[in-house]
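Quick note on this note's numbering: the sequence shown kicks off at 61 and runs consecutively.
Report on one structure; see the data block that follows.
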Amino acid sequence: GIMVRVSIRVNNTQEAQQLGGAVVLPLVILAVGQTTGLLLAGPTTALVVGGILWVIAIVLNVRGARAFTRDRMAARL
C-alpha cells in the first residue's frame, strides 16, 4: 500500500526504490530486534501487534489501489 502511494508521487523508478528502502528499513530493524531477543514481547503482544499491522496493511493497500489508476499514471507521462 505504501509503495503504491510512493510510486505514484515520484518521478522515476530510482526515487521509488530509494523511498521504498526507507519505508521498509524500520520494519526490518524491528524484526531483527525481536528475533535476537532485544525486544522481548510475549506471544500475545506479538499477535496483537501483528494483527494491527495486518489491518494497517490492508487499509493502505485498498486506498493505494483506489489512487493508482491508469488515467492518473498516463497524465504523469
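Even for Gly, the Cβ is constructed at its ideal location relative to N, Cα and C.
Rounded to the nearest whole angstrom, the C-alpha separation of Gly97 and Leu87 is 15 Å. Judged by DSSP in its simplified three-state form, Gly97 adopts coil rather than helix or strand. Ile68 sits close to Arg132, with the two beta carbons spaced by under 8 Å.
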